[in-house]
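**Q** One structure is given below, represented as structure tokens, and several questions about it will come after.
Numbering (the numbering used here), first residue to last: 2 to 108.
Here it is, written out as structure tokens:
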């Protein structure tokens, strides 16, 4: 589903990208209505993401890598939203390796 949503937007899912996280955050929005560079956090997307981040890291490696590649401006946008903050909190509380969390902490 996620890959199809990205294809509608003309985006290819890369391993060194935050697109997986950003797409999940806005999963119940029409991908054609999303503005490039804008972080959309929906109730459904934020809830799904916080739940997925509770899984063991080996079960969701791509998601953890995507969290690692959030840009500073994307992270700042997440802090402006109640659910966005919960997503960041879930990632920091997750059992993921600290090397995945360091870029987020530094930003």
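From the three backbone atoms N, C-alpha and C, an ideal C-beta is built for every residue, glycine too.
#1: For residue 65, count neighbouring C-beta atoms within 10 Å of its own C-beta (all shown protein chains included) and say buried if the count is 16 or more, exposed if not.
#2: Between the Cα of residue 84 and those of 20, 19, 42 and 31, spot the shortest distance and give me the residue it belongs to.
#3: For residue 25, collect the residues of the same chain with a Cβ closer than 7 Å to its Cβ; drop the 5 residues on either side in sequence, then sort them by chain order.
#4: For residue 101 versus residue 60, is the C-beta distance shorter than 7 Å?
#5: If I follow the unbroken alpha helix (DSSP H) through residue 100, where does it start and stop?
**A** Put simply:
#1: buried
#2: 42
#3: 3, 46, 49 and 50
#4: no
#5: 99-107
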